[in-house]
């Protein structure tokens, strides 16, 4: 379209009018005693309950201890050794009959203070540090007696079929290994199976959960912890007396052959039946559970017959071999404990009272044990406590007590057991690993209202509850405490506390980076800053079979212009003049630290294609005795992972060096735009924003050009040439064939036309103040702006401010097709796909001319975002939407977004290619760009807030050594200089599944899954997309379960340490509005979310999926100049919100201040100037500026949250029990929503998927 400056419609002076390390405190009612469980010693509970799943629980901490790079250096230690957690469930049955309830009163010691704790019926007591000599109980020892009617139990033994010995699998939580000389511990018994780095989750009905990292041949260190099986080579397993009958899916301490159904041993008061080969022999090791009880089991947090374990972070380190210490792999779960003398020099827990190790007494005999039977717990006298720990409340017929103070009385129904769950297996062991395994603890608030903060929603349960006919009992399913599941808040806080600060990127291979939520300062050592490029796997799979079997995505996320910390080094610029960038002659890879110089420096070998390339004479340098160039210190491209080359003419379009780019602002001046305040707020504020236009490093001011145009049903260009004095308006009325009426004077620098720009902005506001034109167009406006850049031969960006659906008869006209009832159904694609392809093709034209489009929408009704957005996404632009725009409510947010959009770092006319070494090939591309071939991504412009994901697959098996990835972005800078920005990464090649899962970057992986799901929404139904995400997550975890923990039983859900939050994030993906938004959102909102997701950086994606929540009502700021520290975050669940506090909740797009009804009146007065919470005006979504400590603190927090973000979040003030609270709860992603499962429910679904894949 030619420039027709001679065809002016008029030259007018004016136009007439009319035209987060947080700690959790858990409280439990036990014998009228409150125990505070923060910082309490590691505690282990053993439970023997009626037929129910068995649970072993623990929560690990992310760590990478013990991992080594190929160069032999260890990875940065985020904390202790890799930790894990494990839980499994199995219905403990004995010949089809339920086990008898047990009760025991024990002593619990925490930090030297002793407290009596009454265990729930069926709970093993935690052992005190008591001792026993020759079977005689010492004064400090807890009594362990047999309870009439209880099934026999045994200690430290594995049950097998009579006459057979079954190999046992270790099931343990191990302490971090310490370098104590084994010679000092001659009596230790070491396991032959290495521990696993697993995460075993608690309390999952019909589940067992665990998390592990990788296996190693390293010997497992001895530790003092119960709850594990002896390995086949251990002393316990070799002892014939350790053999016991067992039944599949039955805990090892339930003797299947000792009693008959309905026998006396199962009835109250019945006597236990003797069993063969299950008596502890003299000299056999007897296990002491010598840790103090932190808190009892919450009644609704887990199923009976389980082990509960508190996080190993509360444990001290134990020497690998102390005198008489039994290895963790030799200790059986649910074992009854005896106590022996403390060995001299035995280990103690860090920061806690000394703990007696497990000992192997010479002639110790069990107390109160019948011949041929292992020791059992006694039933304490007195009534059994109501709502005993370990039981969910039940209703219906109770159980008749046969002895004690309650003899002949009907016991309350809530003292009965939980219903069994069929098809469940218990935990039998851990997987082998060279890392330690952390056991997470069980905790929670007991007896809280189901939906009150701290309560757990009730869940229905299966039939067949013991104690009475099922028809007489109201069935319940044991409720799981969500706080016991792996926590994103905990993982983020731990990573911040251990990995903040300097981060060396590594060489020759890339180091595993901190999480994106951690503030770190990268030090480039030859691999690029992770802010520029991250990969889902920091070890390249050796073959396509390994990658296919693991189902792990192998992708790289590239944000070539990502913002950096002020202390981080920007990529330096290399100018080789006419020589240009040095490249491989075959694959065209650019010079990087991995190039190997040969033949005295005359040639270099490319690591990507292995070809040898001659070195240009101008680039030649001799090699030293190490084979390195003597000028390497002057060649940053040979020792840094990120840098820029100045491009030569062959890299420019048509061989012509580009001009400085331009910004064109095109403002809607129709009736709606004027009366909503858009025109006024824009004209009054845009001038000062132009002072912050982006500029190249070292330049005193920006070289960008700017231009202005307005439109309604015609387009108005403005001549800002300084010689004219006053701006000149040129009107184009032919909207079917638009043209640019001028070139000279339309695009100017801010300095040369400052007066004209200010005059123009004043005139625009006055000129259109009384307009009555309501209909607008959009397509011709974009065409005109694109033509203006073409005529000026410049790259640039169009900023378009638009209000209504374009219904004027012109190219790009749209119709109203709003039908939100289709959302969430199989027919939603009809309204989420573009109605016409006009805007998509227009976006392609923009890319080819180096033009991006940023669209700011201010609609009061349906505007068809699905049809308009392709012009932004294809060109590399952004789309902002301000529904029902009001200056008072939305003006500040709009101006903040515009100011950030104008000032952020940006590159124009960008072409990006990702190269990989031989055997790998980029195949999938996700983001906002245009592709004209299968390798190059093209952007009209790319800014610092954009990222792309590139999926990599195998062409062939990779050779041993390293795999290499290089991202090259050719772009035009703000000064008009053509450059190449290069980012490099090297990864070790591995065929070990353990290593792949150990170095999986969860944030990068989840971000890719989210973007992949968004791309599928346009082609598949919402249900198919959700099923696909769930299936992919299950397949990844099932492969880990199969390849890395094959010894563990099927009933365990095993989560790799690095991916233990995968079920949580998978749940967040499928419930996000971009994927599953139904009729409760508008069609435009859903389409806007979908286009937004495609180009988000990883850190923005993770915040969008899992919002941040923390209290603000306790914050104060005495002086405006003081610094303020953010309080610890809480999990995104309504149960964690206290009615006595106020919280801020934000996800990068929305921000809520939730105010509980019980918050202090003074805080409400100080912050909102309201007399009470009930008088709070929640319609005004702002925080007024008031001069007091509380107000300053809240405003400072909100300011810091929004600082540097791509978009200013919209603020809502929500009062507890307000109507908007129900909408706010949708952002609390761990809770159940109207049509989406809770985190716990989704975890159960994932486990069912895994089991179906493995069977």
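In the UniProt record's numbering, the protein residues as written are 1 to 1255.
Glycine is no exception: its CB is placed at the ideal position from the N, C-alpha and C atoms.
Comparing alpha carbon positions, the residue from 1075, 550 and 1220 closest to residue 828 is 1075.
A straight-line Cα-Cα distance of about 9 Å links residue 1173 and residue 1216. Taking C-beta atoms under 8 Å as the contact rule, residue 1213 and residue 489 fail to qualify, at a distance of about 24 Å. The count of Cβ pairs closer than 8 Å, one atom from the segment 841-861 and one from the segment 871-879, reaches three, so the stretches are in contact. Here residue 958 is near residue 542, since their CB atoms are less than 7 Å apart. With a 10 Å radius around the Cβ and a threshold of 16 neighbouring Cβ atoms, residue 527 comes out buried. Taking C-alpha positions only, residue 648 is separated from residue 978 by approximately 8 Å. About 6 Å separates the CB atoms of residue 1239 and residue 482; that is less than 8 Å, so the two are in contact. With respect to the 7 Å criterion, residue 1109 and residue 1143 are classified as neighbours on the basis of their beta carbons. Its chain contains 1033 as the residues whose beta carbon lies nearer than 6 Å to that of residue 1062, once the 5 sequence neighbours on both sides are disregarded; these appear in chain order.
Taking the C-beta atoms as reference points, residue 590 is found nearer than 7 Å to residue 968. By a beta-carbon distance limit of 8 Å, residue 686 contacts residue 761. Their separation comes to about 7 Å. In this structure, residue 667 sits away from residue 736, with a CB-CB distance that is not shorter than 7 Å. Take residue 878, set aside five residues on each side of it, and the residues of its chain with a beta-carbon closer than 7 Å to its own are 854, 872 and 901, in chain order. If you ignore the 5 residues before and after residue 1040, its C-beta comes within less than 6 Å of the C-beta of 997 and 1056, all in its own chain and listed in chain order. Taking 7 Å as the cut-off, the Cβ atoms of residue 1106 and residue 1044 do not count as close. Closest in alpha carbon position to residue 597, among 619, 539, 538 and 1005, is 619.
With a 10 Å radius around the Cβ and a threshold of 16 neighbouring Cβ atoms, residue 1180 comes out exposed.
Secondary structure of residue 836 (DSSP, three-state): coil. Counting along the chain, no alpha helix (DSSP H) covers residue 710; the unbroken beta strand (DSSP E) around it starts and ends at 705-711.
For residue 856, the three-state secondary structure derived from DSSP is strand. By the C-beta density criterion, residue 1242 is buried, having at least 16 other C-beta atoms within 10 angstroms. Taking the Cα of residue 819 as reference, the smallest distance to any Cα among 617, 1084, 867 and 918 is reached at 1084.
The DSSP-derived three-state label of residue 502 is strand.
For residue 1192, same chain residues with a beta-carbon under 7 Å away, outside a window of 5 residues either side, are 1117 and 1120 in chain order. When the Cα atoms are used, residue 904 and residue 1204 turn out to be separated by approximately 9 Å.
Distance between residue 866 and residue 1020, taken at the CA atoms: about 16 Å. Residue 623 and residue 1071 have their C-alpha atoms spaced approximately 58 Å apart.
In the structure shown, residue 613 falls within a strand segment according to DSSP collapsed to helix, strand and coil. Sequence-distant Cβ neighbours of residue 1226 in its own chain, meaning closer than 7 Å and more than five residues away, are 1233. Counting the other CB atoms within 10 Å of its CB gives residue 577 a total below 16, which places it among the exposed residues.
Judged by DSSP in its simplified three-state form, residue 534 adopts strand. Under the DSSP assignment, residue 943 falls in the beta strand (DSSP E) whose first and last residues are 937-943. By the CB criterion at 7 Å, residue 746 and residue 707 fall inside the cutoff. Beta-bridge partners of residue 979 (DSSP): 646 and 971. Collapsing the DSSP output to three states places residue 636 in a helix.
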